[in-house]
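Read left to right, the sequence shown gives residues 80 to 205 (my numbering). We treat Cβ as the ideally placed atom computed from N, Cα and C, and that holds for glycine. Keep in mind the model is a prediction, meaning the values are calculated, not measured.
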Amino acid sequence: MLDKLKSTFSIRRQIKSFAYAFKGIVYVMKNESNMHIHLIAATFVIIAGFVFGVSLMEWCVLIIAITMVIVAETMNTSLELLTDLVSPDYHPLAGKAKDVAAGAVTLAAIGAAIIGLVIFLPKIFW
Numbered sequence: 080m081l082d083k084l085k086s087t088f089s090i091r092r093q094i095k096s097f098a099y100a101f102k103g104i105v106y107v108m109k110n111e112s113n114m115h116i117h118l119i120a121a122t123f124v125i126i127a128g129f130v131f132g133v134s135l136m137e138w139c140v141l142i143i144a145i146t147m148v149i150v151a152e153t154m155n156t157s158l159e160l161l162t163d164l165v166s167p168d169y170h171p172l173a174g175k176a177k178d179v180a181a182g183a184v185t186l187a188a189i190g191a192a193i194i195g196l197v198i199f200l201p202k203i204f205w
C-alpha cells in the first residue's frame with residue numbers, strides 16, 4: 080500500500096492541483112457578484128476587528144465565519160456551473176438544486192452575521 084502511494088505521489092501533480100484550485104478561486108472572485116458582496120463584507124468585518132480590538136478567540140471565530148461564507152459561495156457556484164452543464168434546458172430539479180445551494184449560502188451568511196452581532200454589538204454599545 081505504501082509503495083503504491085509513493086509511486087502515485089508527485090510534487091509536480093500537487094503543484095498543478097494547487098494551480099487548478101487557485102484558478103477556480105480566481106474565477107469565482109472575478110465572475111460572481113455575490114462573492115464580491117461577501118468579500119466587501121469580510122473587509123468591513125476585518126477593519127472593524129482592528130478598530131474594536133477583538134480578542135484572539137474572537138478573531139478565530141470571525142475567520143471561521145468569513146471562511147464558511149466564502150466556501151459556501153464557492154461550492155454554490157460550482158454546483159450552478161455543473162447543473163448548467165448537465166441540464167442546459169430548464170428542469171425543475173435543476174432549479175431546486177440551485178435553490179438549495181443558494182439557501183446554504185444564505186444560512187452561512189446569516190450565521191456569520193449573527194456571529195458578527197454577538198462580537199461587535201457589545202463593543203459598540205457597552
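Less than 9 angstroms separating the beta-carbons of K202 and V133? The Cβ atoms of K202 and V133 sit closer than 9 angstroms to each other.
Applying the 10 Å Cβ sphere with the 16-neighbour rule, what's the burial state of G182? Counting every other CB atom within 10 Å of its CB across the protein chains shown gives G182 a total below 16, marking it as exposed.
For the alpha helix (DSSP H) containing P171, list its first residue and its last residue. Here the alpha helix (DSSP H) through P171 covers 171 to 204.
Rounded to whole angstroms, how far is the Cβ of I94 from the Cβ of V140, which I believe are closer than 8 angstroms? I94 to V140, Cβ: 33 angstroms. No contact.
Do you know offhand how far L118's Cα is from I149's? One C-alpha to the other measures close to 8 angstroms.
Cα separation between W138 and I145? Distance between the alpha carbons of W138 and I145: 10 angstroms.
Is V133 helix, strand or coil by DSSP? DSSP places V133 in coil when its eight states are reduced to three.
Got a sec, what are the start and stop residues for the alpha helix (DSSP H) S89 sits in? In the DSSP annotation of this structure, S89 is not part of any alpha helix (DSSP H), being labelled neither H nor E.
Taking contact to mean 3 or more Cβ pairs, one atom from each stretch, closer than 8 angstroms, check whether the region 157 to 164 and the region 121 to 131 are in contact. No, because fewer than three Cβ pairs between the region 157 to 164 and the region 121 to 131 fall closer than 8 angstroms, the two stretches do not touch.
Please report the Cβ distance between A173 and T162, rounded to the nearest whole angstrom; I am assuming they are in contact, meaning their Cβ atoms lie under 8 angstroms. Rounded, the Cβ-Cβ distance is 5 angstroms, consistent with contact.
So which of K177, I126, D168, M154 has the shortest CA-CA distance to G195? Closest option to G195, Cα to Cα, is I126.
Once you ignore the five residues that flank D178 on each side, which residues in its own chain have a CB closer than 8 angstroms to its CB? Leaving aside the five residues that flank D178 on each side, none in its chain has a CB nearer than 8 angstroms to its CB.
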